[in-house]
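S.K.:
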Amino acid sequence: MDNYKKFKKFDKQSALRDLSVLMLSASAMAFAPMTFAQADDSAALEEVSVTGIRASLEAAADAKRDDGRIVDAVVAEDIGKLPDNNIAEALQRVTGVSINRDFGVGSGVSIRGLTQNRVEVNGRSVLGDSRSGIDFQDFPAAFLQKVEVIKSPTAEMTEGALGGTISLKMARPLDLNAPLAAVSVQGEYADKAENWAPIISSGVGNNWDLGDAGTFGVIASLAYQDRTLRRDESLVQLQVGPVEGMGPAQNTPSGNYVYAREHTYNPRTEDRERTAINLAFQWAPASEQGQFYLDLNSVERSGGQETFSLLHILDDPTVIPGETYEDGNGQLQNFTYDEVQPLLTTGSSFRHSDSFSHAFGGEWNFTEQLSVSGEYSTASADSYTPFSEFRFRGIDRSLEGQGAEGENKWLVPVTYKGNDSGAPVVDFADGYVFTDQQNQAFRRYEDTRTYIKNNEDAFRFDVEYTEPFGLGWVSAVKSGVRVTTRDFEQSREQFRITNIFQDLTDADGNPDIIWMEDIVGQYPQAMTNYDFSGDAFEHSGRAGAYDLAKFTAYDAKLLQNQSATFDIVKQLLAGSNMAINGSLADNLEYQEGGYSEVNEDTSAAYLQAELNFGDVRAIVGGRYVATDISSSAYQEGEIVSDSSSYDDFLPSLNVTWGLTDDTQLRFAAAKVMRRADFNELSPAYAYRDAYIAASRGNPDLEPYRATQYDIAAEHYWDNNMVSATLFFKDVESFLTRTYECENQPDVVSTQTNVSDYDKICLWQANGIQYANENTPISEMGILTDFITNGENGKIQGLELGYQQAFDFLPGRWSGLGISANYTYADSENPDGTPLEDISKNTFNTQLYYEYEGLGIRLAYTFRDRFLDNEETKRVLPLGELVLAGASQEEDPTLGNDYREDLAQLDLSASYEVTDNITVIGNVTNLTGEPTINTGTNGSAFQIMENDRRFVLGVRAKF
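The opening residue of the sequence shown carries number -12 in my numbering; numbering runs sequentially from there.
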């Protein structure tokens, strides 16, 4: 059956609701009673009257009930009711889904603990910088009428989802039976950034009966957002070892202590501007035999970031008699460092992107039983990420003036006491030492620019034959093909001048240093006094003195002006041995090690049957996929390519058994595959940690493959629902990392962290060994990790869902309702450690009240402690055994980084002033909860605090 016929089945109010939700801001409520119906290739959903939160949840329950797959959905206003117009934050309410946040804003989604998912819009790819698709911050929820999370695939679905497929649905013009225009205007206040920001969306749509020429329709939508966000971050490195003056630790298995060093404060402010445009055109002939469409979607993201890093290094703990103690995690608390060296950095890094996703397609019914459809789509995402740093290093000016040899480090004493929920005590004996302009020497300037181009062209053709051969138990047979061409390219250019404080000489060849005080005198606009002492960690609190919160640094906004900063650096170095000639463009060097290219061709064919045995329905089929990949990178000055090919057969089965009219059981089984991400395939070097470490991909990687099973039970009554699902995934060959110390003299010679000898590897040593204070740079290497296919991992668990409207209560109490879900997930790697990003317990609940135009929702989400990263530099010395100087073979948990329990409370409310005007208000992160990361022993090493965001706005329909 063609889509146009399906659209004609529904009344005017159904189409009005669909388009109004599409065009209105995602944080507002319905204006007037409307009806809504979803249609897909498997089944038509019954009509649902949508007037607010309750009806939106009912529509989601109907979508789950009527689908032949195991699916959860967020429908229309369910996104609109949630704060900040964000798809990820809406999806976190779905059973089995958890999210990650960037500056407190939902950005990435995990399904049953797996991040390797497919994101699509109306069945086609949308691209970002990686395999997973667009970042959810980049796509406005205002364009959507429904979001599906599909956990059990069918053969006709595009492959590439290990956890599940996130399907974003946008309305088409022939949904609309009358002209409509709508606009939403909101203001968002971020309390840490102290900034009001606009969020605007609008849309218009209409279609026209052209008589014998058929019906033609257009929808045009625009969404604009411009916000400023802030994040406070406290970081320490957790070191392991004995402590002089203390007996063996009582709370660690080894007797070693865990102690914090390299205390760092990173206040970050980010400006984000996003403009999105969506155009949809659709035509259907007067014969109603088919329909054709053209979809055009574009998103542009720009902005900037201001970040500072205040860090001190060196020294071992000194016990304070009678005050230093061991806490329950075996961590040393309340001690001093007699001599630490302050380091100060101004930085900026922001991803600018420009993406589009266009498609032309249609379908045609040759007979009442035979229909064909096809689509050509093209998607592209270009991103540009500038990274800039202006660094100072603590150098004792008085010692320099005395002509002392070597690096005359400026060393100051500090007292430290940890805090597992907020900022620790960092109390310098000399107060705010980072405001001292006399002992800070210009150390390094860097301007690195990374460019990514990601393009995909895809063509699909499908045939459907309903009730073939007169077999009543075969509802339909489908078959089709899909071919794609994918091109990914990354390149990098850089200007970097380093070790200025060590290597600089004046025109006469005498050693010279550029002090911060000199820069202030010569370029007063270049240096700024920053004071975060009043509001640093204002929500989570500080344990006491926090002398990192006030400092003088290179101006962060000026740093974003790369040409202006380059000119300042050029003038500062004029006449010296490090003088710069030419313009910035002349000095930007192409980085061969940053180049990578991945070209990928895929072809797929499937056969699928939909079976109906009365109470039992089934979708069974298989999909064959062939993949050809080539990867290119520089090797010894020349581009070298490597290629690989593999194919997969992916069978799938979805069975639904209707025990009664309101109760059904489901069983699903499938094989799924997910290709490795582009950075995992590329052999290009990705340097980190001031160029003492790097990562490389592997073009010979096999894809992730998994076999999965689901058993589910669902019961529905009076538009309410309760459900339970057992799931199991056996994931073949999770990727693992192996380590080598590589000799890269060109990179090692520019290292600026040579003071951190214990983190720099020795390239001539057997195994991984580290330098010491006497090691010459010629023996130092780059610790490089390589990605390889590993062993199997397993994920199993239980999902429970419940939603009910308490409309049986009298009067105003009938507006109460609840939606809640719980997920238990258990995972294990071959080495016994859990898989990343999987919480054992996740809980979400929404309590709402909706009566006579007033709507209020209180949404709470919780997930317990989970492994965030298998290896993080800041906890690399720490494992479960708490061994000093241990290897990965001795303790495979070394460097495990855990994120502690996460809880967030959001509030949204709205009131219908008239049938066409609604005012709204939202609060995100109502209680200002921090994000806390710990080592294996539970000691906190990273604490992040984000904005609470408040939204006030109005929307109107004309």
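C-beta atoms are modelled at their ideal positions from N, C-alpha and C, and glycine is treated no differently.
In chain order, which continuous runs of the beta strand (DSSP E) of length 3 or greater are located wholly inside the segment 393 to 478?
M.R.: Whole beta strand (DSSP E) segments, 3+ residues: 399 to 404, 412 to 415 and 427 to 453.
S.K.: Kindly list the residues whose CB is nearer than 6 Å to the CB of Gly115, restricted to its own chain and excluding five residues on each side of it in sequence; keep chain order.
M.R.: For the purposes of this step, residue 115 is taken as the residue at position 128 of the sequence shown. Hits under 6 Å: Ile121, Asp122 and Ala368.
S.K.: Buried or exposed, going by whether 16 or more other CB atoms sit within 10 Å of the CB of Ala273?
M.R.: In the sequence shown, counting from the first residue as 1, residue 273 sits at position 286. Exposed, since its Cβ has fewer than 16 Cβ neighbours within 10 Å.
S.K.: Is Arg852 closer than 7 Å to Glu887 when the C-beta atoms are compared?
M.R.: Locating residue 887 in the sequence shown gives position 900, counting from the first residue. Locating residue 852 in the sequence shown gives position 865, counting from the first residue. Yes, Cβ-Cβ distance for Glu887 and Arg852 is below 7 Å.
S.K.: Quick check on Asp54: does DSSP put it in helix, strand or coil?
M.R.: As a working mapping, residue 54 is identified with position 67 in the sequence shown. In this structure, Asp54 counts as coil in the three-state DSSP scheme.
S.K.: Taking the beta strand (DSSP E) that Ser375 belongs to, which residues open and close that run?
M.R.: Residue 375 sits at position 388 when you count from the first residue of the sequence shown. Where Ser375 is concerned, the enclosing beta strand (DSSP E) stretches over Leu357 to Gly381.
S.K.: When we look at the beta-carbon of Gln756 and count the other beta-carbons within 10 Å, is it buried (16 or more) or exposed?
M.R.: Numbered from its first residue, the sequence shown carries residue 756 at position 769. Burial call: exposed.
S.K.: Using only CA atoms, which one of Gly915, Glu766 and Trp644 lies nearest to Ala890?
M.R.: Position 903 of the sequence shown, counted from the start, is the residue given in the question as residue 890. Comparing Cα positions, the closest option is Gly915.
S.K.: Give me the Cα-Cα distance between Gly528 and Tyr244, rounded to the nearest whole angstrom.
M.R.: The residue you call residue 528 lines up with position 541 of the sequence shown. The residue you call residue 244 lines up with position 257 of the sequence shown. Going by the C-alpha atoms only, they are around 26 Å apart.
S.K.: Return the CA-CA distance between Gly334 and Asp554, expressed in angstroms with no decimal places.
M.R.: As a first step, residue 334 is located in the sequence shown; it is residue number 347 there, counting from the start. As a first step, residue 554 is located in the sequence shown; it is residue number 567 there, counting from the start. Whole-angstrom Cα-Cα distance: 17 Å.
S.K.: Using only CA atoms, which one of Ile782, Ala158, Glu326 and Trp800 lies nearest to Phe715?
M.R.: Here residue 715 refers to the residue found at position 728 of the sequence shown. With distances taken between Cα atoms, Phe715 lies closest to Ile782.
S.K.: Residues in its own chain within less than 7 Å of Leu546 by CB, not counting five upstream and five downstream?
M.R.: Position 559 of the sequence shown, counted from the first residue, corresponds to residue 546. If we look at Leu546 and ignore the five residues flanking it on each side, its Cβ neighbours are Thr333, Ser335, Ser375, Phe377 and Thr552.
S.K.: Out of Ser241, Thr712, Gly234 and Glu220, which one is the CA nearest neighbour of Val227?
M.R.: Start at 1 with the first residue of the sequence shown, and residue 227 comes out as number 240. Of the candidates Ser241, Thr712, Gly234 and Glu220, the one whose C-alpha sits nearest the C-alpha of Val227 is Ser241.
S.K.: Could you give the first and the last residue of the continuous alpha helix (DSSP H) run that contains Lys544?
M.R.: Translated into the one-based positions of the sequence shown, residue 544 becomes position 557. That run of the alpha helix (DSSP H) goes Ala543 to Gln547.
S.K.: Quick check: the Cα distance between Arg653 and Gln731, rounded to an integer number of angstroms?
M.R.: The residue labelled residue 653 in the question sits at position 666 within the sequence shown. The residue labelled residue 731 in the question sits at position 744 within the sequence shown. Answer to the nearest angstrom: the Cα atoms are 56 Å apart.
S.K.: Taking 7 Å as the cut-off, decide whether the C-beta atoms of Glu293 and Gln424 are in contact.
M.R.: Residue 293 sits at position 306 when you count from the first residue of the sequence shown. Residue 424 sits at position 437 when you count from the first residue of the sequence shown. No, the Cβ-Cβ distance between Glu293 and Gln424 is not below 7 Å.
S.K.: On a CA-only basis, which of Tyr593, Thr723, Asn574 and Thr918 is nearest Asp434? Give me that one, please.
M.R.: If you number the sequence shown from 1, residue 434 lands on position 447. The shortest C-alpha separation from Asp434 is found at Asn574.
S.K.: Within the segment 568 to 621, note down every full alpha helix (DSSP H) run reaching 4 residues or more, in order along the chain.
M.R.: 571 to 574, all fully within the segment 568 to 621.
S.K.: Would you report the Cα separation of Ser550 and Leu571, rounded to the nearest angstrom?
M.R.: The residue given as residue 550 occupies position 563 in the sequence shown. The residue given as residue 571 occupies position 584 in the sequence shown. The straight-line gap from Cα to Cα measures roughly 7 Å.
S.K.: Give the DSSP bridge partners of Leu225, in chain order.
M.R.: What you label residue 225 is simply residue 238 of the sequence shown in a count that begins at 1. For Leu225, which the question treats as bridged, DSSP gives the partners Ala247.
S.K.: Taking DSSP's pairing of strands, which residues face Tyr830 in a bridge?
M.R.: Within the sequence shown, residue 830 is the residue found at index 843, counting from 1. First, the amino acid is wrong: residue 830 is Phe here, not Tyr. Answer is Tyr809 and Phe849, bridged to Phe830.
S.K.: Closer than 8 Å is the cut-off here; do at least three beta carbon pairs connect the segment 925 to 945 with the segment 515 to 535?
M.R.: They touch, by the three-pair rule.
S.K.: For Asn441, collect the residues of the same chain with a Cβ closer than 6 Å to its Cβ; drop the 5 residues on either side in sequence, then sort them by chain order.
M.R.: Within the sequence shown, residue 441 is the residue found at index 454, counting from 1. Leu114, Ala368 and Phe475.
S.K.: By the DSSP assignment, the alpha helix (DSSP H) with Asn666 in it spans what residues?
M.R.: Residue mapping note: residue 666 aligns to position 679 of the sequence shown, counting from 1. Its alpha helix (DSSP H) spans residues Phe665 to Leu668.
S.K.: Is it buried or exposed, Trp183, if we count other Cβ atoms within 10 angstroms and call 16 or more buried?
M.R.: As a first step, residue 183 is located in the sequence shown; it is residue number 196 there, counting from the start. Counting Cβ neighbours within 10 Å, Trp183 comes out exposed, since fewer than 16 surround it.
S.K.: Report the option in Leu386, Ala177 and Gly405 whose CA atom is closest to the CA atom of Asn426.
M.R.: Locating residue 426 in the sequence shown gives position 439, where the first residue counts as 1. Here the closest residue by C-alpha is Leu386.
S.K.: Extract the residue ranges of the beta strand (DSSP E) inside the segment 149 to 174, only unbroken runs of 3 or more that lie entirely within it.
M.R.: Within the segment 149 to 174, the complete beta strand (DSSP E) runs of at least 3 residues are 152 to 156.
S.K.: Take Asn87 as the anchor and find which of Val230, Val81 and Val96 has the nearest alpha-carbon.
M.R.: Within the sequence shown, residue 87 is the residue found at index 100, counting from 1. Considering only alpha carbons, the answer is Val96.
S.K.: Mind pulling the beta strand (DSSP E) runs of 3 or more residues that sit fully within the segment 872 to 935?
M.R.: Those beta strand (DSSP E) runs which fall completely within the segment 872 to 935 and span 3+ residues are 884 to 886, 889 to 899, 904 to 911, 918 to 921 and 927 to 933.
S.K.: Could you check if Arg683 is buried or exposed, using at least 16 other CB atoms within 10 Å of its CB as the buried criterion?
M.R.: Against the sequence shown, residue 683 aligns to sequence position 696. With 16 or more other Cβ atoms within 10 Å, it is buried.
S.K.: Alpha carbon to alpha carbon, how far is Ala271 from Tyr593?
M.R.: Residue mapping note: residue 271 aligns to position 284 of the sequence shown, counting from 1. Residue mapping note: residue 593 aligns to position 606 of the sequence shown, counting from 1. Their Cα atoms are separated by approximately 28 Å.
S.K.: Report yes or no: do three or more beta-carbon pairs, one from the segment 797 to 805 and one from the segment 710 to 730, lie closer than 8 Å?
M.R.: Counting Cβ pairs under 8 Å, fewer than three are found: no touch.
S.K.: Taking the straight line between their C-alpha atoms, what separation do you get for Leu266 and Phe482?
M.R.: Within the sequence shown, residue 266 is the residue found at index 279, counting from 1. Within the sequence shown, residue 482 is the residue found at index 495, counting from 1. So the alpha carbons of these two residues sit roughly 41 Å apart.
S.K.: Please report the straight-line C-alpha distance between Val412 and Ser619, rounded to a whole angstrom.
M.R.: Position 425 of the sequence shown, counting from 1, holds the residue named residue 412. Position 632 of the sequence shown, counting from 1, holds the residue named residue 619. Between Val412 and Ser619, the C-alpha separation is close to 49 Å.
S.K.: Applying the 10 Å Cβ sphere with the 16-neighbour rule, what's the burial state of Tyr577?
M.R.: In the sequence shown, residue 577 corresponds to position 590, counting from 1. Tyr577 is exposed by the Cβ-count criterion.
S.K.: Assign Gln79 to one of three DSSP states: helix, strand, or coil.
M.R.: Residue mapping note: residue 79 aligns to position 92 of the sequence shown, counting from 1. Here Gln79 sits in coil by DSSP.
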